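K.L.:
Letter 353 of the sequence shown, counting from 1, is numbered 683 in our numbering, and no numbers are missing.
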Amino acid sequence: MTYFFELGSNIALSVAEIAAVFGMKENYRLIGGKILLFEDALSFAEEKAIGKMGGVIKIGELFERKIKNINIKECLPFLEELILGKTEKICFGVSYYGRKKINIKHLGMDIKSLIKERDGNCRWVSGKENVLSSVIVEQNRLLTKGFELIIIETENGFYLGHTKAVQPFKELSARDYGRPARDDHSGMLPPKLAQIMINLVSADFGNKLEKKIYDPFCGSGTILTEAMLMGFANVFGSDLSERAVLDTKKNIGWIVRRFGDTKDIFKKEPEVRQLDVRRLGAFLEKKSIDMIATEPYLGPQRGLTDIYAVKKELECLYKEALGQFKQILKAKGRVVIIFPIFKQKQKMQFLNVDLTGFKLINPLPISLQNEKALNLSFRKTIIYGRESQRVWREIVVLEMN
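1) Return the first residue and the last residue of the beta strand (DSSP E) that aspartate 577 is part of.
2) Return helix, strand or coil for lysine 710, following the three-state DSSP convention.
3) Do you know how far the Cα of glutamate 483 is from the Cα of arginine 429?
4) DSSP state of asparagine 529, grouped into three classes?
5) Run the CB neighbour count on glycine 384, radius 10 Å, all protein chains shown included, and call it buried at 16 or more, exposed below.
6) Mind pulling the alpha helix (DSSP H) runs of 4 or more residues that sit fully within the stretch 668 to 724?
7) Cutting at 7 Å between CB atoms, please list the residues of its own chain near glycine 663, excluding the five before and the five after it.
8) Tell me, please, which residues DSSP counts as bridged to isoleucine 361.
9) In chain order, what residues of the same chain have a beta carbon less than 8 Å from the beta carbon of alanine 349, not counting five sequence neighbours either side?
10) Would you mind giving the Cβ-Cβ distance between phenylalanine 669 and arginine 720, rounded to the nearest angstrom? I have them listed as a contact below 8 Å.
11) How about the stretch 645 to 663 and the stretch 695 to 704: do they share at least three Cβ pairs that are nearer than 8 Å?
12) How many angstroms separate the CA atom of lysine 504 from the CA atom of leucine 690?
13) Quick check on this structure: which residue in Gly715, Phe422, Arg395 has the alpha carbon closest to the alpha carbon of methionine 678?
14) State yes or no: is the C-beta of valine 496 within less than 8 Å of the C-beta of isoleucine 365?
15) Once DSSP output is grouped into helix, strand and coil, what is the label at glutamate 650?
16) By the DSSP assignment, the beta strand (DSSP E) with serine 503 in it spans what residues?
17) Between which two residues does the beta strand (DSSP E) holding methionine 331 run?
18) Using alpha carbons as the reference points, say which of Tyr426, Glu394, Asn399 lies closest to glutamate 411.
19) Along the chain, which unbroken stretches of the beta strand (DSSP E) at least 3 residues long are found entirely within the stretch 335 to 420?
20) Expressed to the nearest angstrom, what Euclidean distance is found between the alpha-carbon atoms of glutamine 525 and lysine 403?
21) Measure how close the beta-carbons of glycine 491 and leucine 392 come, nearest whole angstrom, since I'm counting them as under 8 Å.
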C-alpha cells in the first residue's frame, strides 16, 4: 500500500515527524514540497495516527497505478471503487496537488453526473483553492458521507487516491486556546509543536509509552499534557517558576477533566516540581530519565535588546542545563531541545552551545537529508519560524554518547 501525507507549514519538521513515527524507511518520496509518499505492507489506523502527529494535515491511500491525463474516462475505475456500496447521499470533494493546470470544475461536474447515472444522490464540495482544507473536509463530513478524491502530479503522470483522516483541528484549537492557565507574555508552545517534539524524542524507543519523559522547563505544561494524551504513562515536569508549576498543574487537571472519560489512557497524573535546571543532578536520581523534550527560555520576544548579551546569557544557561541532563539521562537517552535563533538584519544568529557528551541526530530519513527544499541549518537541524518573528526556533535532537 502506498500512503500519502499532506505536510504542515514546516516541511522538514513534518518529514522528520513521519520518519520518527513510521521509521527511517528508504522509500520516502517528497513530491512538490507538500506531499510525502511511502510504501508499507502493513496497514495502520490513520485517524488514530494523525491525532498524535502535529505536522501532518491529511493521511490517505493511493491507488496502485498512475494515469496520464485527468478526465472522467481515466478516473472511472478509481471512482467506481470509491462510490461502490454507498447508498445514502454522497458528499465528495477533489483536491489537486500539482502545478500543471487541470480543470477541477469540469472533473467535479463529471463525477456528479456519474453518481447520478448510478441512481445516486450527491453534493460536490468545492473551495477557492485547488486543495480542500482539513476544515472543509471535516465540516462537510466527506470522510463519513462520501470521499475526497486526491490527485497528485508527478513527473510521469498523476496518482489518484483518497483521504482517510484529517488533522483534528477542533481538538487542537481547544487545547491551545481553551486551557485555563496561559502565559502569553512568556510565550506558549503550540500543542502541534509539542506533539512533534514528543514523536522526535521517542523515536527508536521500544515500548516507548512506558518510558519516562521529562520537561525541565515545563512552562504551562504543554509537553506534559500532550504526552498524556499520546498515551505516555510516566510523565514528569519541573520549572524554576512557581507560577509555571501552578499553571501546569491547573492545565493537567483541565485535561483530565475534559478528556479523562473519552481517553482511557491516563495511567497517572504527571509529577510536577519546582526545580532549578542548573541543579537537577542534586535533586533527581542519576540515570533515571529516558527522554527529555523541552523548550527553555528563548530570550525577550519583544522590545529592543542587546542580542549579543542575551545570546551569551542563554549560552551559559543551555550549557549548564545540558550538563545536568547528562547526569540524569540513561545511556542512549534522547533530548529534543529548542535553541533560539535571533534574526538581525536578515541574518540568523545561532547559539554556540557545547554539545560534548551528546551525539547530534539528523532526524530526517537518509534519502531526504540532502533535499534542498527542507532548508536545514549549518548543524543539519530544523529551523522553525515565520518571517515576521524576531526569534525563531532551532529544533535540536541529541542522544547520549
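We put the CB at the ideal spot given by N, CA and C, even for glycine. It should be emphasised that the depicted structure is a prediction, and the values quoted were computed from it without experimental measurement.
P.N.:
Answer, in terms of the structure:
1) Element bounds for aspartate 577: not the beta strand (DSSP E) but the alpha helix (DSSP H), 572 to 589.
2) coil
3) 8 Å
4) helix
5) buried
6) none
7) Ile619, Asp620, Met621, Met730
8) Ile365
9) Lys355, Tyr358, Ala533, Pro693, Leu694, Pro695
10) About 15 Å; that fails the 8 Å criterion.
11) no
12) Checking the sequence shown, residue 504 turns out to be alanine, not lysine. Alanine 504 and leucine 690: Cα-Cα distance of roughly 35 Å.
13) Gly715
14) no
15) helix
16) Note, serine 503: premise wrong, no beta strand (DSSP E); alpha helix (DSSP H) at 499 to 507.
17) It is not in any beta strand (DSSP E) - methionine 331 carries neither H nor E in the DSSP assignment.
18) Glu394
19) 359 to 361, 365 to 369, 386 to 392
20) 42 Å
21) 4 Å
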